[in-house]
Amino acid sequence: MRLPMTAHTSRPWRIHEIAGDFQIEDVWALPTPGGPDDLARLVDQFTHGTGEPVSAPIPRMLFAIRWKLGKLFGWDKPGAGVGTRVQSLRDRLPEDLREGPRGADPGSVPFTSVYQTHDEWVAEMGNRTVHGLLHIGWVPDGSGGYRGQMAVLVKPNGPLGTVYMAAIKPFRYLGVYPDLIRGIGRKWQSTAAERNAD
């Protein structure tokens, strides 16, 4: 379910003090019911192959097209990303976050983990179009439990980045996010069943 931007901005996330120059593109509720300490399990699903973020057919196809276009137009060349064209968000972290857990890097998408706390995890990517952040938070679900919440924040790279974000918007809403979120929920349920069986 897509959520209003305030579902992200109203939470006391650490990301607000670090990424104030990024704009929020999307906020989504994730079908990942759990207890108060289950964020680490969700991060593991994103980072250790227990849940491929782009395994659903439509997102996988759209991402494949995106990588081909990136190769054709040079969007993803070395020197176009984090640590080269754009400064890593890790360079902005206050000492406690810099010295705390970072979390693993996702294996199937070009993101690098920035930091992880008890209730939020941030990963970043960069290319010639945007500097993007994936923010996964862990929030009360309103009925005594907890669930994941995903926000995407971006800083477009000039006019190219602005046009790029506008061009991919319909594909994100119609093709990528619905399948992606269903896939996250299916994998969450299947790993929950495996844990219960143990």
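Here the sequence shown stands for residues -13 to 184, numbered as in the working numbering.
Yeah, the Cβ is synthetic: ideal placement off N, Cα and C, and Gly gets one too.
CA-to-CA, the gap between Gly123 and Ala90 works out to about 16 angstroms. A residue is called buried when at least 16 other Cβ atoms come within 10 angstroms of its Cβ; Met111 meets this threshold and is buried.
In the three-state reduction of the DSSP assignment, Ala90 falls in the coil class. Cβ neighbours of Arg78 within its own chain (closer than 7 angstroms, five residues either side excluded): Ile4. Under the three-state reduction of DSSP, Pro156 is assigned to helix. The C-beta distance from Ala137 to His(-6) rounds to 4 angstroms, short enough to fall under 8 angstroms. The continuous alpha helix (DSSP H) containing Ala(-7) extends over residues Thr(-8) to Thr(-5). The beta carbon of Gly20 sits closer than 6 angstroms to those of Tyr132, all from its chain and outside the five residues before and after it, given in chain order.
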